[in-house]
DNA sequence: TTAAATTTGAAACGTTCATTTCATTTAAAA
DNA sequence: TTTTAAATGAAATGAACGTTTCAAATTTAA
């Protein structure tokens with residue numbers, strides 16, 4: 001009976017993510033989204049609600065993609081040390097391939113609106129909790145295998161690593177010198193060994 | 001002959017800084033600035049040019065204030081270790097006193113617009129260069145005094161510390177647990193000793 | 001083939017945006 | 001006291017904002 005969606009939802013989210021990532025939430029207009037997605041205004045509102053709810057869907061899509069890419073690499077690592085190094089190397093790779101110097105979309109939106117918009121605060125909190133939990137998991141394993149020291153608890157190291165990743169992403173906005181970034185990563189990780 | 005400014009320029013910049021800091025550049029409207037400064041629209045345009053030039057003046061004011069506060073504390077420190085610890089402790093203090101969870105204004109505006117607005121890119125680049133240079137200076141002294149190790153160059157450690165400060169500020173937006181933050185700082189600094 | 005429901009397109013909604021205009025007020029130098 | 005130019009206030013500018021409306025087109029199941 002009803003006509004069904006003709007556009008590819010993921011493709012639309014992908015294109016919306018590009019423009020949101022580049023310009024930020026407040027810097028992106030509905031017209032930008034119309035242009036970026038090649039969708040009609042009404043279709044956007046019909047299918048995604050409002051600008052804010054669309055942004056939240058874009059964020060989820062962005063994070064799911066990120067998680068997927070990381071998991072794909074992480075299964076290849078043989079121990080905790082390799083896992084952590086893989087995570088940081090992927091971030092360095094993202095920085096270097098980020099021609100627009102946009103930084104991390106999740107870091108950016110936390111900076112832009114976590115203190116203003118409860119739904120974004122909640123999203124970034126969940127993101128933080130998940131990231132710290134999975135880092136803690138890896139650190140724990142590394143400590144049990146005696147690859148990492150026990151000077152701090154796994155949680156404390158996880159918070160440190162989470163914080164360092166955000167710092168790395170912020171630093172990478174202006175500095176894309178690969179040697180600098182790799183030294184930076186090795187300095188960050190040294191405390192674990 | 002002419003009437004002179006009746007408002008206190010620094011007071012206006014201070015009030016403008018509060019609202020820009022809270023809402024970000026794109027999130028702050030001219031009406032917000034009129035309300036926050038109690039100045040007339042025309043007076044703002046007469047005295048500060050445009051929204052963007054006003055923002056740049058606010059940023060300079062914000063940074064000058066920050067520099068001043070840090071210098072005031074830094075002169076009290078007896079060696080490089082104390083200097084670095086003072087810097088990080090002041091950041092932790094700022095985070096804990098930041099009831100609105102706004103984060104650092106300079107980190108925020110880099111995230112929001114460094115990739116879009118050349119004047120902001122240039123401002124944040126200069127800020128980054130200055131911060132790294134002064135950190136490098138302190139690390140150098142610490143290395144000469146054999147308080148800090150020489151595993152990495154002073155510049156590499158300075159970049160690491162700069163990056164860590166940004167991570168700390170981003171982490172502090174959602175996490176204001178003082179114990180967590182102090183553990184975080186001590187983990188960050190451990191690599192130097 | 002018909003009926004149903006949703007997508008789509010284009011236009012319009014009222015609001016807010018940054019900025020400008022201009023007449024009035026003000027205060028300092030002549 | 002007069003002159004002068006900037007500060008001020010209030011209103012208006014046109015453009016852009018997010019969102020809604022609604023008729024037309026479309027496609028699927030009955």
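Residue numbers (full-length UniProt numbering), protein chains in the order written: chain A, 1 to 193; chain B, 1 to 193.
Note that the Cβ used here is the ideal one computed from N, Cα and C, for glycine as well.
Which chain A residues sit within Cβ distance under 7 Å of residue 152 of chain B?
In the second chain, residue 152 of chain B corresponds to position 152, counting from 1. Neighbours of residue 152 of chain B on chain A, chain order: 183, 187.
Helix, strand or coil, according to DSSP, for residue 36 of chain A in the structure here?
Position 36 of the first chain holds residue 36 of chain A. Helix at residue 36 of chain A.
Check the C-beta distance from residue 148 of chain B over to residue 78 of chain B and give it rounded, since I have them as a contact under 8 Å.
For the purposes of this step, residue 148 of chain B is taken as residue 148 along the second chain, with counting starting at 1. For the purposes of this step, residue 78 of chain B is taken as residue 78 along the second chain, with counting starting at 1. With 8 Å as the limit, residue 148 of chain B and residue 78 of chain B do not qualify as a contact, their Cβ atoms being about 15 Å apart.
Amino acids of chain B, ordered along the chain, whose beta-carbon sits closer than 7 Å to that of residue 92 of chain A:
Residue numbering aside, residue 92 of chain A sits at position 92 when the first chain is read from its first letter. Correct list: empty, because the minimum Cβ distance to chain B is about 12 Å.
Use the C-beta contact count for residue 169 of chain B: other C-beta atoms within 10 angstroms, 16 or more gives buried, fewer gives exposed.
Position 169 of the second chain holds residue 169 of chain B. So residue 169 of chain B ends up on the buried side.
Using a Cβ-Cβ cut-off of less than 8 Å, give me the residues of the segment 99-124 of chain A that come near chain B, in sequence order.
100, 101, 102, 103, 107, 108, 110, 111, 112, 113, 114, 115, 116, 121, 124
Contact set for residue 119 of chain B: own chain, Cβ-Cβ below 8 Å, skip 5 residues either direction:
By 1-based counting over the second chain, the position of residue 119 of chain B is 119. So the list reads 52, 56, once near-sequence residues are dropped.
Continuous alpha helix (DSSP H) stretch holding residue 75 of chain A: start and end:
The residue given as residue 75 of chain A occupies position 75 in the first chain. No alpha helix (DSSP H) holds residue 75 of chain A; DSSP gives it neither H nor E.
Measuring straight from C-alpha to C-alpha, what distance separates residue 5 of chain B and residue 95 of chain B?
Within the second chain, residue 5 of chain B is the residue found at index 5, counting from 1. Within the second chain, residue 95 of chain B is the residue found at index 95, counting from 1. Those two C-alpha atoms are separated by around 35 Å.
Mind checking if residue 62 of chain A is an interface residue toward chain B, Cβ cutoff 8 Å exclusive?
What you label residue 62 of chain A is simply residue 62 of the first chain in a count that begins at 1. With 8 Å as the cut-off, residue 62 of chain A does not count as an interface residue toward chain B.
By DSSP, does residue 48 of chain A sit in helix, in strand, or in coil?
Residue mapping note: residue 48 of chain A aligns to position 48 of the first chain, counting from 1. If DSSP states are grouped into helix, strand and coil, residue 48 of chain A belongs with the helices.
So what's residue 6 of chain B in DSSP terms, helix, strand or just coil?
For the purposes of this step, residue 6 of chain B is taken as the residue at position 6 of the second chain. Three-state result, residue 6 of chain B: coil.
For residue 43 of chain B, the three-state DSSP class (helix, strand or coil)
For the purposes of this step, residue 43 of chain B is taken as residue 43 along the second chain, with counting starting at 1. Residue 43 of chain B: helix per DSSP, three-state reduction.
Is the distance from the Cβ of residue 72 of chain A to the Cβ of residue 173 of chain B below 8 Å?
As a first step, residue 72 of chain A must be located in the first chain, where it is residue number 72. As a first step, residue 173 of chain B must be located in the second chain, where it is residue number 173. No, they are not a contact pair.
Top-ranked residue by Cα proximity to residue 84 of chain A, from A:165, A:179, A:177:
As a position in the first chain, residue 84 of chain A is number 84, starting the count at 1. Checking every option, the nearest Cα to that of residue 84 of chain A belongs to A:165.
Taking the alpha-carbon positions, what's the residue 163 of chain B to residue 143 of chain B distance?
Within the second chain, numbered from 1, the residue matching residue 163 of chain B stands at position 163. Within the second chain, numbered from 1, the residue matching residue 143 of chain B stands at position 143. Roughly 20 Å separates the two Cα atoms.
At 4 residues or longer, what runs of the alpha helix (DSSP H) sit wholly inside the segment 90-128 of chain A?
105-113
Is the segment 4-18 of chain A close to the segment 58-71 of chain A, with three or more CB pairs under 8 Å?
yes
My parser needs the alpha helix (DSSP H) runs of 4 or more residues fully inside the segment 119-177 of chain B; what are they?
154-174
Taking the beta carbon of residue 75 of chain B as the centre, do at least 16 other beta carbons fall within 10 Å, making it buried, or is it exposed?
In the second chain, the residue the question calls residue 75 of chain B occupies position 75. Residue 75 of chain B should be labelled exposed.
When you compare each of B:135, B:112, B:103 to residue 100 of chain A by their alpha carbons, which one comes out closest?
Indexing the first chain from 1 puts residue 100 of chain A at position 100. Of the listed residues, the one whose Cα sits closest to residue 100 of chain A is B:112.
Close Cβ partners of residue 37 of chain B (< 6 Å) along its chain, the five nearest in sequence each way excluded
Position 37 of the second chain, counted from the first residue, corresponds to residue 37 of chain B. Answer for residue 37 of chain B: 12, 15, 16, listed in chain order.
Give me the residue from A:115, A:146, A:153 with the minimum Cα distance to residue 132 of chain A.
Counting from 1 along the first chain, the entry for residue 132 of chain A is found at position 132. Nearest option by C-alpha distance: A:153.
Shorter than 7 Å, the distance from the beta carbon of residue 169 of chain A to the closest heavy atom of the ligand PLP, or not?
You won't find the ligand PLP in this model; it holds no ligand whatsoever.
Nonlocal neighbours in the same chain, by C-beta distance under 8 Å from residue 150 of chain B, ignoring five residues either side
Counting from one through the second chain, the residue named residue 150 of chain B turns up at place 150. Excluding sequence neighbours, residue 150 of chain B sits near 143.
Option in A:20, A:122, A:48, A:67 with minimal Cα separation from residue 175 of chain B:
Along the second chain, one-based indexing puts residue 175 of chain B at 175. Per the Cα distances, A:122.
Chain-order list of residues whose beta-carbon lies under 8 Å from that of residue 69 of chain A (same chain, five-residue window excluded)
Against the first chain, residue 69 of chain A aligns to sequence position 69. Closer than 8 Å at the Cβ level, and outside the excluded window around residue 69 of chain A, lie 90.
By a C-beta neighbour count over all protein chains shown, 10 Å radius and 16 as the cutoff for buried, is residue 126 of chain A buried or exposed?
For this step, residue 126 of chain A is matched to residue 126 along the first chain. Under this definition residue 126 of chain A is an exposed residue.
Taking all protein chains shown into account, decide if residue 64 of chain A is buried (16 or more other Cβ within 10 angstroms of its Cβ) or exposed.
As a working note, residue 64 of chain A is residue 64 in the first chain. With fewer than 16 Cβ atoms within 10 Å of its Cβ, residue 64 of chain A is classed as exposed.
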